[in-house]
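Structure record follows, encoded as structure tokens.
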């Protein structure tokens with residue numbers, strides 16, 4: 004099986020697992036066109052939303068169904084890859100929580116009773132929770148690479164322009180979704196999955212350079 008087919012299979016398997024376990028309320032089929040992997044109906048709206056506030060970005064993505072799947076708390080996930088010459092040449096893996104949602108781990112009973120109706124419950128707020136979108140980006144373009152400042156693979160938190168935390172290598176779909184589920188939905192994750200779920204056997208080479216290891220970074 005080629006790397007591209009492996010990535011597509013991981014995305015499809017992820018969606019299937021999340022549907023069965025009640026994690027998702029909306030899904031898009033995986034789209035496979037040329038070198039690109041994204042979702043059906045994909046449109047590049049990133050440029051038009053680049054300078055918009057987070058709530059506007061979130062709302063427009065929901066209107067356009069610009070995601071692979073939406074979780075039960077109305078957070079959504081985007082998985083986009085480009086594969087060339089049998090290797091990942093680019094990826095954008097993003098998690099967008101609802102701007103006004105309470106945290107599931109703090110109030111699981113509320114979600115079990117209410118969230119499955121796919122409503123926006125903007126009156127249910129938890130002021131101590133800060134909504135933070137996150138994005139793992141990767142590009143093998145040497146023209147974009149700046150040692151320590153713009154790593155080949157990096158994590159951006161909160162859409163901050165210059166927040167680029169170095170990551171040791173590109174992420175597979177299983178690695179990314181495991182990070183999201185364990186970080187933000189731990190209780191529900193442990194109730195529905197075991198250590199073998201989302202186990203990734205793909206071998207991806209490191210792309211981080213030695214000097215970047217001197218800084219705080221994420222080792223995958």
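Residue numbers (the working numbering): 4 to 223.
No residue lacks a Cβ here, since even glycine has one placed at the ideal position from N, Cα and C.
Please read these numbers as outputs of a predicted model, since none were measured by experiment.
- Cα atoms of residue 169 and residue 55: separation of roughly 25 angstroms, rounded to the nearest angstrom.
- Spanning the alpha carbons of residue 47 and residue 30 requires a straight line of approximately 18 angstroms.
- Rounded to whole angstroms, residue 28 and residue 160 show a C-alpha spacing of 25 angstroms.
- In this structure residue 14 is in contact with residue 82, their Cβ atoms being roughly 6 angstroms apart against a cut-off of 8 angstroms.
- Counting along the chain, no beta strand (DSSP E) covers residue 24, and no H or E run does either.
- In terms of Cβ geometry, residue 221 and residue 171 form a close pair [threshold 8 angstroms].
- Less than 8 angstroms separates the beta-carbon of residue 93 from that of residue 141.
- Three or more beta-carbon pairs separated by less than 8 angstroms link the stretch 60 to 72 to the stretch 11 to 26, which places the two stretches in contact.
- When the five nearest sequence neighbours on each side are left out, the beta carbons in the same chain lying within less than 6 angstroms of the beta carbon of residue 207 are those of 172, 173, in order along the chain.
- Rounded to the nearest whole angstrom, the CA to CA distance from residue 192 to residue 24 is 9 angstroms.
- Beta-bridge analysis with DSSP links residue 170 to 221.
- Contact between residue 153 and residue 145 fails: their C-beta atoms lie close to 11 angstroms from each other, not under 8 angstroms.
- With a cutoff of 8 angstroms on beta-carbon distance, residue 202 and residue 177 are scored as near each other.
- Contact annotation: residue 136 and residue 98 have beta-carbon atoms nearer than 8 angstroms.
- Within the model, the alpha-carbon separation for residue 150 versus residue 139 is close to 17 angstroms.
- Burial check for residue 21: the Cβ neighbour count within 10 Å reaches 16 or more, so the residue is buried.
- Out of 5, 209, 199, 180, the CA that lies nearest to the CA of residue 95 is found in 180.
- Across the structure, residue 167 and residue 199 are spaced so that their CA atoms are roughly 30 angstroms apart.
- Here residue 141 carries a strand assignment [DSSP, helix/strand/coil].
- When secondary structure is reduced to three states using DSSP, residue 95 falls in the strand class.
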